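Colleague: Heads up: the sequence shown runs through residues 0 to 118, numbered per numbering that gives the first Met the number 0.
All C-beta atoms in this analysis are idealised placements derived from N, C-alpha and C, irrespective of residue type, glycine included.
Nothing here was measured: the structure is a model prediction, and the numbers come from that model.
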Amino acid sequence: MVFNEILPFYLMIGISKEEFMDSTPKELEPYKKAYEYKQKEKDCDMWQMGIYVLNAVSVAVNGALIGKKYKGEYLKKPLMIEKEDHEEEITEEKIKEERKKLLMQLQTMQVNFEMNHGK
């Protein structure tokens, strides 16, 4: 089983036969995890490429079928940059909300203190 199923996997991900034979399963685990992370990243990249292709084809087909009335356009920015821009906007809004909450809490504390200890 080891030579027919497990060894080929580790050879595929770049572990030599000698290193495989001299290692414990615990020592090999990080290599397996790294391979899984790499595969997930590759899958996400392909999915993202599909979004770009779908958008491009959609714009081209709708532009050809609908003509000048079609207002769609290709993505203006890469998805990751668009995401970063959106996160910055949300962050600024959240900061403002948190400041308002903090101010209200401080004002409430001040009122409570004045009620309990007088001015």
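Helix, strand or coil: which one does DSSP assign to GLY49?
Modeller: Indexing the sequence shown from 1 puts residue 49 at position 50. GLY49 falls in the helix class under three-state DSSP.
Colleague: Quick one: give me the first and last residue of the alpha helix (DSSP H) that MET20 is part of.
Modeller: The residue given as residue 20 occupies position 21 in the sequence shown. 16 to 21 is the span of the alpha helix (DSSP H), which, as asked, contains MET20.
Colleague: Between ALA55 and TYR73, which are expected to be in contact by the criterion C-beta below 8 Å, what is the C-beta distance as a whole number of angstroms?
Modeller: Within the sequence shown, numbered from 1, the residue matching residue 55 stands at position 56. Within the sequence shown, numbered from 1, the residue matching residue 73 stands at position 74. About 6 Å; that satisfies the 8 Å criterion.
Colleague: Between the Cα of GLU28 and the Cα atoms of GLY62, PHE8, HIS116, which residue gives the shortest distance?
Modeller: Position 29 of the sequence shown, counted from the first residue, corresponds to residue 28. Nearest C-alpha to GLU28: PHE8.
Colleague: Assuming contact is defined by CB atoms lying nearer than 7 Å, are GLY66 and VAL58 in contact in what I supplied?
Modeller: Position 67 of the sequence shown, counted from the first residue, corresponds to residue 66. Position 59 of the sequence shown, counted from the first residue, corresponds to residue 58. No, the Cβ-Cβ distance between GLY66 and VAL58 is not below 7 Å.
Colleague: Nearest CA to the CA of GLU35: which residue from LYS25, MET45, ILE12, LYS16?
Modeller: On the sequence shown, residue 35 is found 36 positions in, with the first residue counted as 1. Nearest C-alpha to GLU35: ILE12.
Colleague: Out of curiosity, what's the CA-to-CA distance linking THR23 and TYR30?
Modeller: Taking the first residue of the sequence shown as position 1, residue 23 is located at position 24. Taking the first residue of the sequence shown as position 1, residue 30 is located at position 31. Each residue's alpha carbon lies about 12 Å from the other.
Colleague: Closest to PRO77 by CA distance: which of LEU6, LYS93, ILE50 is it?
Modeller: To locate residue 77, count along the sequence shown from 1; it is residue 78. If we check each option's Cα against that of PRO77, ILE50 comes out closest.
Colleague: Taking just the CA atoms, how far does GLU113 sit from GLN106?
Modeller: Working through the sequence shown from its first residue, we reach residue 106 at position 107. Working through the sequence shown from its first residue, we reach residue 113 at position 114. Distance between the alpha carbons of GLN106 and GLU113: 11 Å.
Colleague: Starting from PHE121 and walking both ways along the alpha helix (DSSP H), at which residues does that stretch end?
Modeller: Coverage of the chain is limited to positions 0 through 118, which leaves residue 121 absent and any answer about it impossible.
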